[in-house]
Every structure is written in C-alpha cells, then in structure tokens.
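**Student:** Below is a structure I'd like to ask you about.
Protein chains: 2
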Amino acid sequence: MKKVRREVVWEGTLFDVVREEWGDTVRELAEHEGSVAIVAIDRDGRLVLTRQFREAVRESLLELPAGALDEGESPLAAARRELQEETGLHGGSWRKLRTIHPSPGFLREPVSIFLAEDLEEGESNPDEDEELEVVRLTPAELEAELEGLEDAKTLVGALLYLREGR
Amino acid sequence: MKKVRREVVWEGTLFDVVREEWGDTVRELAEHEGSVAIVAIDRDGRLVLTRQFREAVRESLLELPAGALDEGESPLAAARRELQEETGLHGGSWRKLRTIHPSPGFLREPVSIFLAEDLEEGESNPDEDEELEVVRLTPAELEAELEGLEDAKTLVGALLYLREGR
Chain A
1 MKKVRREVVW EGTLFDVVRE EWGDTVRELA EHEGSVAIVA IDRDGRLVLT
51 RQFREAVRES LLELPAGALD EGESPLAAAR RELQEETGLH GGSWRKLRTI
101 HPSPGFLREP VSIFLAEDLE EGESNPDEDE ELEVVRLTPA ELEAELEGLE
151 DAKTLVGALL YLREGR
Chain B
167 MKKVRREVVW EGTLFDVVRE EWGDTVRELA EHEGSVAIVA IDRDGRLVLT
217 RQFREAVRES LLELPAGALD EGESPLAAAR RELQEETGLH GGSWRKLRTI
267 HPSPGFLREP VSIFLAEDLE EGESNPDEDE ELEVVRLTPA ELEAELEGLE
317 DAKTLVGALL YLREGR
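Below is the structure:
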C-alpha cells in the first residue's frame with residue numbers, strides 16, 4: 001500500500017489536518033509534530049507529576065510532565081526542556097522507555113516517554129498560559145492514585161514504572 | 167474559568183476542529199465523538215487483539231478491538247458492536263475499566279475501556295475499509311509482546327489487565 005496523494009486541509013498552531021490517499025483508502029488525519037512525556041523520579045524516590053486544567057477534556061488532570069517538540073528539536077532535548085520548565089528538575093540520568101501513539105485511527109502524534117532519575121532540584125519556568133501544580137507521589141501513593149488517572153501517557157508511564165521501573 | 171466562545175473551524179468525517187475561548191485562553195481542539203476499546207478474554211483465557219495497518223502512524227499496530235461511537239450510541243453498545251464486528255465475539259459479562267483521554271492538550275476524545283469475559287465465539291464482520299488480523303495471546307504471550315505494543319489504549323488495557331484483571 002503506498003501513499004499517492006497528500007493535502008493539508010486545515011492549518012493550525014499545534015496541529016494540522018491532512019487528507020491522505022493510501023491506495024483506495026482516504027484518511028483525514030490530525031498531524032502533530034510529536035510530544036514527549038517524562039517519568040521523573042526525584043531523589044526521595046517520588047514520581048513527579050503535574051496537575052493542570054485541560055480545556056479539551058473540561059477538567060483538571062494529573063499528568064506526567066510533558067509537552068510538544070519544538071521544530072527540529074530532538075525528543076530527548078524537548079523532554080529535558082519541558083521537565084525543567086514545568087518542575088525545575090534537571091540533570092540526572094535518562095533513558096527512553098518507549099514511543100506510543102495516542103489515537104492511531106486518526107492522530108499522527110508520536111509521544112516519546114522517558115525515564116529520568118537522579119534529578120537535581122531547580123527553579124521551574126512554566127509557559128505563561130500554563131497554570132501548573134506540581135505533585136510528588138511515593139510508589140505507595142501512586143498505587144493509591146492509579147484509579148483516578150485518566151491521561152493515557154500518564155497511565156502508560158505510571159504502570160510501566162510500577163511494573164519495571166523500580 | 168468559563169467557556170465564552172466556540173467556533174467549528176474545520177468539519178471532518180471522523181473529527182472536527184473547534185476553536186474555543188476559555189477566559190483569556192484560546193484553544194484549537196480536535197473534537198471526536200468518543201471511542202471504545204475492549205480488553206476481551208476468550209474462553210481459553212487469551213486476550214483477543216487485532217492487527218491492522220494504521221495510515222496515521224504509517225505501520226501495522228497490535229491493538230485492543232476498538233472503534234468510534236456512532237451518533238447517540240452508548241459506549242457499552244458501541245463496544246459490544248465493535249467487538250462482534252472485528253472478532254465475532256459476543257455475549258459474555260462486561261464491566262467498565264475506565265475512561266482515558268489519549269492526548270488532552272488538544273484532543274477531545276473520551277475512550278471508554280471495557281473488560282469482557284466469558285465471550286461466545288461467532289462470525290466477524292469488519293468494515294469494508296478494515297483489513298484486520300485477529301491475534302490471541304495467553305497472559306504469558308502478552309507479557310512477551312508488551313515491549314512491542316505502541317498503541318496507548320492497548321498498553322493501558324493490557325497493563326491494567328496484567329495487574330488487576332486476572
């Protein structure tokens with residue numbers, strides 16, 4: 001099956017909509033530059049999360065620190081930048097956990113999830129339109145909060161961490 | 167924070183793009199009717215998955231049986247319909263595992279994940295544009311395949327199942 005034609009049908013700030021013909025199959029896809037999310041463990045062994053209001057889901061969500069790639073930026077560089085902006089945490093040792101696809105029926109947005117450990121504390125510097133609360137959970141507290149997690153990347157990161165990361 | 171204005175800026179088949187002003191915050195959001203996914207366990211205790219080519223991610227993915235809500239359809243009705251269409255499995259006992267948000271920064275698509283057990287075998291009836299391979303994995307085989315899973319809802323469902331479902 002090969003792609004024969006592609007057209008941008010709507011252009012946005014964070015994502016575009018493209019219409020692609022793959023052989024006889026026509027798909028309308030939301031296309032995003034890609035994102036990063038970080039399973040960040042502080043020096044007390046707590047998972048560092050953020051809580052913020054998400055207009056798309058009309059409620060506040062507890063999430064892994066995360067954000068979109070800047071143009072041309074590598075996933076690791078974006079992950080280090082986003083983690084420092086949102087929580088102040090920097091340095092440490094990093095490894096890639098995996099890349100996930102949030103909604104592969106119509107969304108092109110690879111999300112790279114990293115595990116970051118031995119992090120140093122520092123000053124956060126969130127974007128102007130972000131009102132973030134930073135929440136730190138011990139593994140036992142995370143187990144207790146699992147039921148309430150609704151964000152896909154956060155569930156994947158938290159469940160992988162509880163399973164393999166410790 | 168209250169929503170003050172909303173405008174559909176692009177209208178598609180599977181999702182629309184809306185521009186919303188929440189106070190001073192302007193968001194461009196992809197808005198989808200909502201989806202369902204099923205952690206389906208056959209009578210031999212195997213998890214039933216599907217593999218199909220996904221144009222959005224340009225590769226074949228192993229996923230939970232899943233699909234979009236028809237207009238006005240309840241998540242449970244949609245889940246029973248999709249499971250039967252894609253795998254032939256029907257009947258059985260069902261419970262809701264949780265609702266997840268695939269990409270809450272810009273995507274409004276609640277995904278309801280169900281656990282279905284004691285299912286009866288039957289004839290599948292996939293949509294014309296779906297070329298689906300059905301794959302059944304024992305819990306041990308699922309453990310071995312985890313590393314290769316890339317779809318967010320499937321990782322969430324599989325990890326919750328391995329953790330709590332058995």
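Quick note, the sequences are listed as chains A and B, same order. Residue numbers are given in our numbering: position 110 of the first sequence equals residue 110, and the series is strictly consecutive. With positions in the second sequence counted from 1, the corresponding number in our numbering is that position plus 166. Note that the Cβ used here is the ideal one computed from N, Cα and C, for glycine as well.
Could you compute how far the alpha carbon of Pro241(B) sits from the alpha carbon of Arg5(A)?
**Tutor:** About 34 angstroms.
**Student:** Any Cβ of chain A within less than 9 angstroms of the Cβ of Leu230(B)?
**Tutor:** So no, Leu230(B) is outside the interface.
**Student:** Curious, which full-length beta strand (DSSP E) runs of at least 3 residues does the stretch 183 to 253 of chain B contain?
**Tutor:** With a minimum length of 3 residues, the continuous beta strand (DSSP E) runs that stay inside the stretch 183 to 253 of chain B are 191 to 198, 201 to 207, 213 to 220, 225 to 229 and 232 to 234.
**Student:** Go through its chain and collect everything with a Cβ distance to Arg274(B)'s Cβ below 6 angstroms, but skip five positions before and after it.
**Tutor:** Answer for Arg274(B): Leu195 and Glu197, listed in chain order.
**Student:** Could you check whether the Cβ of Lys153(A) sits closer than 9 angstroms to any Cβ belonging to chain B?
**Tutor:** Chain B contact via Cβ: present.
**Student:** Give me the subset of the stretch 243 to 254 of chain B whose CB atoms are less than 9 angstroms from a CB atom of chain D, sorted by chain position.
**Tutor:** Checking the listed chains, one finds no chain D in this structure; the protein chains it contains are A and B.
**Student:** Strictly by DSSP, which residues pair up with Asp118(A)?
**Tutor:** Beta-bridge pairing links Asp118(A) to no other residue.
**Student:** What residues are listed by DSSP as bridge partners for Lys319(B)?
**Tutor:** None, per the DSSP bridge assignment.
**Student:** Quick one, which residues of the stretch 95 to 108 of chain A are near chain B if we go by CB-CB under 8 angstroms, in chain order?
**Tutor:** The residues in question are Arg98, Thr99, Ile100, His101, Pro102, Ser103, Pro104, Gly105, Phe106, Leu107 and Arg108.
**Student:** So what does DSSP say about Leu263(B), is it helix, strand or coil?
**Tutor:** Reduced to three states, the DSSP call for Leu263(B) is strand.
**Student:** Quick check on Leu303(B): does DSSP put it in helix, strand or coil?
**Tutor:** Three-state result, Leu303(B): strand.
**Student:** Is Glu128(A) helix, strand or coil by DSSP?
**Tutor:** Glu128(A) falls in the coil class under three-state DSSP.
**Student:** Taking C-beta pairs closer than 8 angstroms, name the residues in chain B that Ala37(A) reaches, listed in chain order.
**Tutor:** Those do not exist, as Ala37(A) stays about 11 angstroms from chain B at its closest Cβ, beyond 8 angstroms.
**Student:** Could you tell me whether any Cβ in chain B is nearer than 9 angstroms to the Cβ of Arg5(A)?
**Tutor:** Chain B contact via Cβ: absent.
**Student:** On a CA-only basis, which of Ser201(B), Glu309(B) and Pro305(B) is nearest Ile207(B)? Give me that one, please.
**Tutor:** For Ile207(B), the nearest C-alpha among the options comes from Pro305(B).
**Student:** Less than 9 angstroms between CB atoms is the rule here; does Glu175(A) satisfy it with respect to chain B?
**Tutor:** Nothing about residue 175(A) can be read from this structure; chain A reaches only from 1 to 166.
**Student:** Going by the beta-carbon positions, is the gap between Leu215(B) and Leu321(B) smaller than 9 angstroms?
**Tutor:** Not a contact, by the Cβ cut-off of 9 angstroms.
**Student:** Beta-carbon of Ala30(A) versus every beta-carbon of chain B: anything under 9 angstroms?
**Tutor:** It does: the Cβ of Ala30(A) has a partner Cβ on chain B nearer than 9 angstroms.
**Student:** Could you name the residues that DSSP lists as bridge partners for Ser269(B)?
**Tutor:** Partner(s): none; Ser269(B) has no beta bridge.
**Student:** If you count every other CB in all the chains shown that lies within 10 Å of the CB of Val111(A), and 16 or more means buried, which is it?
**Tutor:** It counts as buried.
**Student:** Apart from the five residues on each side of it in sequence, which residues of its chain come closer than 7 angstroms, Cβ to Cβ, to Arg166(A)?
**Tutor:** In this predicted model, Arg166(A) has a pLDDT of only 49, less than 50, meaning its place in the structure is not dependable; the value taken from the coordinates is given anyway. Excluding residues within five positions, the ones whose Cβ falls inside 7 angstroms are Pro139.
**Student:** In the stretch 15 to 30 of chain A, which residues sit with their C-beta less than 7 angstroms from some C-beta in chain B, listed in chain order?
**Tutor:** If the cut-off is 7 angstroms between Cβ atoms, the stretch 15 to 30 of chain A has Phe15, Val17, Glu20, Trp22, Thr25, Arg27, Glu28, Leu29 and Ala30 near chain B.
**Student:** Have a look at the DSSP bridge pairing and note the partners of Arg274(B).
**Tutor:** According to DSSP, Arg274(B) bridges with Glu197(B).
**Student:** Can you list, in chain order, the residues of its chain whose CB lies under 7 angstroms from that of Arg212(B), leaving out five sequence neighbours each side?
**Tutor:** Taken in chain order, the residues that qualify are Arg302, Leu303 and Thr304.
**Student:** Which word fits Ala79(A), buried or exposed, when buried means at least 16 other C-beta atoms lie within 10 angstroms of its C-beta?
**Tutor:** It is buried - the Cβ of Ala79(A) has at least 16 other Cβ atoms within 10 Å.
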